[in-house]
Amino acid sequence: MKRSAMVEGVFPHPNMLNFKCQICGGAEDRPVVLIPIVGTQEGNLCEAEQIHVDCLLSGLIYYPSSGVIAVICRAGKVAE
Ligand SMILES: [Zn+2]
């Protein structure tokens with residue numbers, strides 16, 4: 001069986017318009033995922049932030065006592 005690293009929901013390139021990865025702060029053209037932004041859901045729609053996949057995976061940490069998997073965004077807060 002042939003294996004593939006292609007994963008549904010991973011986009012090979014970011015939408016470069018105003019793109020800034022909220023983890024590394026960079027805007028390099030690397031694969032991204034869309035992360036929903038809390039408090040923006042309306043029905044089946046919500047706002048999302050583009051995040052580099054490699055930044056997301058390398059920063060994940062698991063808190064077993066609370067059942068949370070999180071990542072620290074080194075780039076700081078999103079402008080509000
Ligand atoms: Zn990044």
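Under this note's numbering, the very last position in the sequence shown is 80; numbers go up by exactly one each time. Beta carbons are placed, not taken as given, at the ideal position from N, Cα and C, and that holds for glycine. Quick caveat: nothing in here was measured; it's all calculated off a predicted structure.
Is DSSP giving Lys53 helix, strand or coil here?
Residue 53 is actually Val in this sequence, not Lys. Helix.
For Gln50, count neighbouring C-beta atoms within 10 Å of its own C-beta (all shown protein chains included) and say buried if the count is 16 or more, exposed if not.
With 16 or more Cβ atoms within 10 Å of its Cβ, Gln50 is classed as buried.
Buried/exposed call for Ile23, threshold 16 Cβ in 10 Å:
Result: buried.
Counting only the same chain and skipping the five closest in sequence on each side, list residues whose C-beta sits under 6 Å from that of His13.
Closer than 6 Å at the Cβ level, and outside the excluded window around His13, lie Asp29.
Compute the minimum distance between the beta carbon of Gly26 and the heavy atoms of ligand 2, and state whether it is under 7 Å.
In terms of ligand content, the structure shown lacks ligand 2 and carries ligand 1 instead.
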